[in-house]
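In the numbering used here, the protein residues as written are 24 to 1062.
C-beta: ideal position from N, C-alpha, C; glycine also.
Just so you know, these numbers come straight off a predicted model, no measurement behind them.
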Amino acid sequence: MFYLSEYDIKIRQNNKIQSMLRASKNISKWLPTINRPLCGCTTRNVKKSSVRLSSTQTNLEKEIEAYYEDKVKKFGYSVLEVTDIGDYNATGVWLKHDQTGAEHLHIERDDQNNVFSVSFRTTPFDDTGVSHILEHTVLCGSDKYPVRDPFFKMLNRSLSTFMNAMTASDWTMYPFSTQNEKDYYNLMSVYLDAAFFPHINELDFRQEGWRLEHSDLTDPSSDIIFKGVVFNEMKGALSNSESLFHEYNQRTLLPDHTYGYCSGGDPLHIPHLTWEQLKDFHKMHYHPSNAKFYTYGNLPLEGHLEKITEGVLNHYQKIDPQTEIPLEPKWTSPKEVTVHCAHDQLVPDPHKQCMVAVSYMMDYSEDPFESFTLGLISALLVSGPNSPFYQALIESNIGSDYSPVLGLDTYTKHPTFSVGLQGLAENDIDKVVEIIHQTFQDVYRDGFDAARIESLLHSIELGLKHQSSNFGLHLIMGLNSSWNQDKNPLRLLELNKQVERLQQVLATDESFLQNKIKMCFLDNTHRLTLTMKPQDGFNQKKDEKESELLQKKIKELTPADIEKLFEQGKILENLQNQDEDISVLPKMTLSDIKKNIIKTGVDHSFVDNVQLQTSEQPTNGVTYFRSIATTSSLPYVLKPFLPLFCNVLTKMGTTSHGYKDLAQQIELHTGGISASPHLVTDHSDMETFQQGILLSSHCLQRNIPPMFSLIGQIANQPTLNDPERLRTLVNSYANDLIMSVPQSGHMYAMAAAAKSLSPAAQQAELFSGLSQVQFMKQIAENLDCDDVIENLIKIAMYMLNANEMRCSINTTQELMQPSITSLQAMLNSMNIVGFNDDRSVEDDDFLPKTRRLLYEMDLPVHYVSRCVRTVPYTHPDTAKLQVLAKVLSSKYLHREIREKGGAYGSGAKIGGGIFSFFSYRDPNSVRTLEAFDHAVEWASQGKFKDEDIEEAKLSVFSSIDSPVSPGNRGMALFNNGLSDELRQTHRDRLFDASRDDLVDVCQRYLLPEKSVDSFAIVGPKTELSNDSHWKTVANVQIS
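Listed below in structure tokens is the structure:
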């Protein structure tokens, strides 16, 4: 599992983090699968002591290797391999540092969004979370930068497009990306010093990891409790049954080494970690001999090597870090294990809360083709409605969705494959296991349909051409686990070679894939059947164990220890309150930021009376299409159904294609066709918003006509009256929403608090808040789908017609006219009925009001929010409030809620005219609400510095100037109506925001007596549960 660090500091990038993880998983569907091991494969040894020269290497390639060999020699490196990565228009250079053994992978590519990362193989042998806590603690000050939390502080002194740190099962990584060369080397210096020369002070360990501390630091007789950022983070992370299942599955399937432990840390074991153990772990693991450096982009390699050797490598000699992970002993017979979890009060059927999965450990292999093949087999087995396991398991409606572990997982040395179901009745578990075994037998007998293989190979081809905004970061996220296991990282990037080889093998051996099924699954004795069942009092038992551990720790304290503990708490608090001189940290300035926005060339026209926005972009031969159908006439009774309508629209089939055939055609001709609710507050009026549906897709040049034809059929001829298919999709969608609450509780809290403040926020909560979770729970509970089908058909009548649409195309100049021609054919085939009403909804009767909502849920931590109604985007005060939000987040809330309070995250932001305060995985509730109030008081008195304002502006510009891929350029205008002129005006106001401006908007909008605000808490019972000013929503029964 991944444990993304510093969640709170990345709120401006929260969506980026999630999309990055999704993108890396999409890449890893193919890119890492090149090295995903296959059962029975032989291991090919790669000699790393010399330059790798293939027998087919041309003279030009030899000259290129000699060229790089000459470049890196003066820095003490040897070239292991140089490869022209034609699939990505890049050159890969793989190096090894002679003195330390450190490896370095450089991807030279014409991309100004340069990336750096350093990663270490980290192999914990207990559940104390030592690698995770170390990841946090090294970021709290170093030799060169002896200030507290230089990592946090650099977020506001940098123009980074990504900054974070993350812990996986066997590696820890510190990546960043930025478009500015000066910023790149600033950040590299901070990262290198943090990783290799951290202070690892005891107080930082106590803050980030765990500590015993008095609940009231003014009263030495107050209760002693557990505190710590990681401690509370993991209480939240492991409160989710899906996360628990994943942990149990990995540690049971791979029990004999580091994978048998929770790298994030178990809250019942974290308090056993000592400061000395943490320092020892760093000494052994954070060494160049155990490190892998990665650089990507258009900055020259020599500059990177110079900084790394001077800053780090010259100070070390080679050691044996002893972190190699041995092969797992293979079982001679399968195993069955049953574990338990808490009951989930949100599930539609309380009698269907079991999970089961059958998992297989694969043999280790370095052969990229064998691994690629297994990746293909995994996709064929479980992806989409045409896959055998989808048909056998999902369509049976025995459970709600696939099990939390699914398909091929290459994040461990031995790759694993899992398949199963969740949302099961206990008496169906054996039936599911039987179905899984029989399905493997059926696939072995019948093989795979050739059209499915072709469609998956098409997705690889399209994926190679599709350009993301942070490609270099996605690349290392996909590569790192395999490279961490000493596999050749450059071999993993040669996708086309693997495709060609597969096609050759299939042409000569029709049973090739079937034989792999037999080898890897039917004949594989290293098989685990893991069952999870809910247990009465599960959370209560965990709480009791934590209480017992706490009491044991307290009993071990002498009176002198307790006195010392109280003093340590005050010392830490004083340290957290200190106003440091951080001038030692490098910093960008406002003069480094361009005054003007980068304009996007767009044209507007009409195609058959439908408004069309076009933008000619270097899309690498890919056409990107979007359409928005908006209406103000959709009746309120239908609005809760709109997210479900979008979820099922492209999955139910059309009158021309059954849903399975439609899925096949979509995969064969497009990069997917998606539908989602479109809801945008008007940029100039808080009472006006747009609501509708956004349809989007992209395709290769040869598939432009088929893509538009498929979109037209989905919009014009959807099949929405298949109750069995709808039941399957409803179960899956409801399950996804329910499982998202513990992971995204802060988003639900903010939505709940904001819904009484503006019409758009009210609709947003209905579409994506706890109201939608409860609504889908009720639909999933109802076995009769007739009313649902009727309402979905009504929505289609309102929304799916050309009268209500506007469209956008981004593609190259030569593909623009063919795309428009195909769009016109699509529009000609569509209905032109409709209401021809306003595209915006005006709700002048909406009255903002204050509400205090407490959503009681069986969770171990809180998610707290205060939301304030302010002004829309074009108002002069919005830019000032945007800067103020950054000041509050970094200079007050972080200190009070995270460092002192022990929450995993906190912050403030503004969007849609709503200013939001929030906390994430927070052990407190009332204290956090007080911190929100004190933050406003602090800012209204102007207690921040001018430097704080400049840093806040840097953080804002870092976000709004993040790279935009060619396929997404112009979308601010298309989706939100934000023209270049409006964006430039807003940018000018950001530059001009002054201290007096920030104090002024704080006093006028955020002070409690001046504001219209609302509050929400999602989590366990608190002392507010009996407060008459708060409305308690028990068991999330939304009113």
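At a Cβ-Cβ threshold of 8 Å, N409 and R475 count as neighbours. Using a Cβ distance threshold of 8 Å, M773 and C890 count as a contacting pair.
A Cβ-Cβ contact shorter than 8 Å links T673 with S697.
Shown here, M853 sits in coil according to DSSP, grouped into three states, outside any helix or strand.
Taking the C-beta atoms as reference points, H692 is found no nearer than 8 Å to V645. At a Cβ-Cβ threshold of 8 Å, V138 and L487 do not count as neighbours. For E131, the secondary structure class from DSSP, reduced to helix, strand or coil, is strand.
If you compare the alpha carbons of N224, H222, G251, E484 with that of E236, the shortest gap goes to G251. For the beta strand (DSSP E) assignment, the uninterrupted runs of no fewer than 3 residues enclosed by the stretch 702 to 744 are, from N- to C-terminal side, 711 to 723. Around the beta carbon of Y425, 16 or more other beta carbons sit within 10 angstroms, so the residue counts as buried. A residue is called buried when at least 16 other Cβ atoms come within 10 angstroms of its Cβ; P349 does not meet this threshold and is exposed. A straight-line Cα-Cα distance of about 25 Å links D206 and N112. Residue Q591 holds the alpha-carbon nearest to the alpha-carbon of S238 among Q591, M853, L128. Per DSSP, reduced to three states, the secondary structure at D759 is helical. L996: member of the alpha helix (DSSP H) spanning 994 to 999, first to last residue. Taking a C-beta distance under 8 Å as the contact criterion, L911 and T893 do not qualify as a contact pair.
By the CB criterion at 8 Å, G1042 and S939 fall outside the cutoff. Listed in chain order, the non-local C-beta contacts of T195 below 6 Å within the same chain comprise F143, T145, S154, E158, local neighbours out to five positions each way being set aside. In the structure shown, the three-state DSSP call for H305 is helix. Within the model, the alpha-carbon separation for S963 versus D1023 is close to 7 Å. If one requires a minimum length of 3 residues, the beta strand (DSSP E) runs lying completely within the stretch 202 to 252 are 234 to 237, 247 to 250, in chain order. Counted as a single uninterrupted DSSP element, the alpha helix (DSSP H) harbouring V906 occupies residues 899 to 911.
The residues T704, F712, G935, in chain order, have a CB closer than 6 Å to that of A783 in the same chain once the five nearest residues on each side in sequence are set aside. Assignment of W117 by DSSP, reduced to helix, strand and coil, places it in the strand class. Apart from the 5 residues on each side of it in sequence, A848 sits with its Cβ closer than 8 Å to the Cβ of P728, F731, S732, G735 in its chain, given in chain order. When the beta-carbon positions are compared, L296 and E569 stay at least 8 Å from each other. Contact between the stretch 169 to 176 and the stretch 305 to 312 is absent: fewer than 3 CB-CB pairs across the two stretches fall below 8 Å. For V979, the CB contacts under 7 Å within the same chain, skipping 5 residues up- and downstream, are Q905, V906, K909, L1013 in chain order. I843 and L657 have their C-alpha atoms spaced approximately 29 Å apart. In the DSSP assignment, K315 is bridged to E126, S142. Per DSSP, R171 lies in no beta strand (DSSP E) segment and is marked neither H nor E. Contact between V442 and V466 is ruled out by a C-beta separation of about 11 Å, above the 8 Å threshold.
Secondary structure at E104: strand, using DSSP grouped into helix, strand and coil. Between Y284 and P198, the C-beta spacing is not below 8 Å.
Around the beta carbon of R234, 16 or more other beta carbons lie within 10 angstroms, which makes this residue buried. Around the C-beta of E256, 16 or more other C-beta atoms lie within 10 Å, and the residue is accordingly described as buried.
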